[in-house]
Amino acid sequence: MVSQIQPPTQPEVIYPDSDGQPVANNTIQFGWIVEIKQNLDWLFADDPNVFVAGDLFWYPVEGRNKIVNAPDVMVVFGRPKGDRLCYQQWKEEGIAPQVVFEILSPSNTQTEMDKKLLFYDRYGVEEYYIYDPERNNLHGWLRSEDGLDVISLMEDWVSPRLKIRFAPSPEGLQLYRPDGERFLTYTEISRNAEQERQRAEQERQRAEQERQRAELAEQARRDAIPRLLQMNLSIEQIAQALGLSVEEVRTLAQE
1 MVSQIQPPTQ
11 PEVIYPDSDG
21 QPVANNTIQF
31 GWIVEIKQNL
41 DWLFADDPNV
51 FVAGDLFWYP
61 VEGRNKIVNA
71 PDVMVVFGRP
81 KGDRLCYQQW
91 KEEGIAPQVV
101 FEILSPSNTQ
111 TEMDKKLLFY
121 DRYGVEEYYI
131 YDPERNNLHG
141 WLRSEDGLDV
151 ISLMEDWVSP
161 RLKIRFAPSP
171 EGLQLYRPDG
181 ERFLTYTEIS
191 RNAEQERQRA
201 EQERQRAEQE
211 RQRAELAEQA
221 RRDAIPRLLQ
231 MNLSIEQIAQ
241 ALGLSVEEVR
251 TLAQE
């Protein structure tokens, strides 16, 4: 009797969702990451098939958990919104993030950033942007037939995918939505929301005051009709005096 030799069981590959490192090294870097990520979330809030993530591990190759990167912000068109522990590309219909942002901190080295550029070039990123808030330097790359090519002029550059506009200036980088509105910080958005809430409340109070004035005026007309009838004014005269129709006066007089 010949026994069949069972192939050895392949060990399960674990794809970590953290490396124990902080999301950002300082408040400036973290602020930029949050601002870009949140504004892109709001920009594509109504599109269920645009996934935006910040500092999420991206594994492009199944079975190779050493091939990984965690872009500060990445945008994936064609994948549904939702929480993920990490982005395993083979489970996402093979779709790579099309747009990636990196915000530099003083701890980033040139070698590290060269490796990131090579990674994004090799695994299919279409647009790659690096901003250094400390030096106020902005760089971008756009995919061509030969891979990621440097964008020679970033001033007023419009992202082909995101349709947002980059406006670097001596005061710092500004990003603008397709409708021309500037990207806002969380504080600015909260302040605007509170101002809008206050305006809505003031409008509600004005409407309520107007309703109360209308009710008082209506009640005053109702109260005036019996007194005017006692003064022997005709229905027609009362209607003219109170700005009512004859039918309205007759109806109110009968109540």
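Residue numbers for the sequence shown follow full-length UniProt numbering, beginning at 1 and rising by one. Note that CB positions come from ideal geometry on N, CA and C, so glycine has one too. All values reported here derive from a predicted model rather than from experimental measurement.
- Contact between D72 and I33 holds: CB atoms are separated by about 5 Å, below the 8 Å threshold.
- I238: member of the alpha helix (DSSP H) spanning I235 to L242, first to last residue.
- Within 10 angstroms of the beta-carbon of R161 lie fewer than 16 other beta-carbons, which makes it exposed.
- Pairing E208 with Y176, the inter-Cα distance amounts to about 39 Å.
- Counting of Cβ neighbours within 10 angstroms places Q110 among the exposed residues, the total staying below 16.
- Taking 8 Å as the cut-off, the beta carbon of L173 is found closer than this to the beta carbon of L138.
- Below 8 Å, enough C-beta pairs join the stretch 86–103 and the stretch 121–141 to call them touching: three or more.
- In the displayed model, D121 falls within a helix according to three-state DSSP.
- Around the beta carbon of N136, fewer than 16 other beta carbons lie within 10 angstroms, which makes this residue exposed.
- The three-state secondary structure of M74, taken from DSSP, is strand.
- For D132, the secondary structure class from DSSP, reduced to helix, strand or coil, is strand.
- When the alpha-carbon of P11 is set against those of G63, L228 and S18, the nearest one is in G63.
- Closest in alpha carbon position to D146, among I164, P80, K163 and G124, is G124.
- Along the stretch 36–122, the beta strand (DSSP E) occurs as fully enclosed runs of 3 or more residues at 50–54, 73–77 and 99–103, listed in sequence order.
- Residue pairing by DSSP places L175 opposite F166 in a beta bridge.
- Residue nearest to K115 within the set V13, I235, I67 and R250 is I67 (criterion: CA-CA distance).
- Classified as buried, S159 has 16 or more neighbouring CB atoms from the shown chains inside 10 Å of its CB.
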